[in-house]
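Novice: If you scroll down you'll find the structure; I have some questions about it.
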């Protein structure tokens, strides 16, 4: 791959949740021109918080068209597997999302028990027992969004 000529279309993030909050800004531009001086760049502000329910917010800034189409998030959690994974996109008009506890349009990603079926799918999640990590893949929504991973205890009696 030649980074000057080829565009990176996949992004693999490694995340390790803890009780606090962490932030990271991913900066992208074309890597060739000086267009970034005219504001043609993309900053992706990534904020992760929570431990039993992990919220990972992705907020975009700038006018550069993000070339990333496929996302793979590998979340390290050694003590337990997740119960559910959701993708919650911002409203296209205002770019705002409901706060973490409130309902808004969200999509529950499918859970795969078979790694080969996970690999063949466009989106979904798989808990890798030997690595003790959850693998989550989805198409980049290309707008602000939140990835929510619930590790809360599941109560069969309460169903």
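Residue numbers (the numbering used here): 20 to 178.
The beta-carbon is built from N, C-alpha and C at its ideal position, and this holds for glycine as well.
None of these values were measured; they are calculated from a predicted model.
Leaving out five residues before and five after residue 76 in sequence, what residues of the same chain have Cβ atoms less than 6 angstroms from its Cβ?
Specialist: 66 and 165
Novice: State the CB to CB distance for the pair residue 94 and residue 36, rounded to an integer number of angstroms; the pair is presumed to be in contact (CB under 8 angstroms).
Specialist: Their Cβ separation, rounded to whole angstroms, is 7 angstroms, which keeps residue 94 and residue 36 in contact under 8 angstroms.
Novice: Enumerate in chain order the residues of its own chain whose CB-to-CB distance from residue 147 is below 7 angstroms, with the five nearest sequence positions on each side excluded.
Specialist: 154
Novice: Any idea if residue 118 is buried or exposed, counting beta-carbon neighbours within 10 angstroms, 16 or more meaning buried?
Specialist: Low confidence applies to residue 118: its pLDDT is 48, below 50, so where it sits in the model is not reliable, and the reading given next is rough at best. Flag for residue 118 reads exposed.
Novice: Return the residue from the list 72, 87, 138 and 103 that minimises the CA-CA distance to residue 162.
Specialist: 87
Novice: Using only CA atoms, which one of 58, 133, 171 and 143 lies nearest to residue 46?
Specialist: 58
Novice: CB residue 84 to CB residue 64, shorter than 9 angstroms?
Specialist: no
Novice: If distances are taken between C-alpha atoms only, which option among 26, 56, 69 and 52 comes closest to residue 34?
Specialist: Looking at the Cα atoms, 69 is the closest of the given residues.
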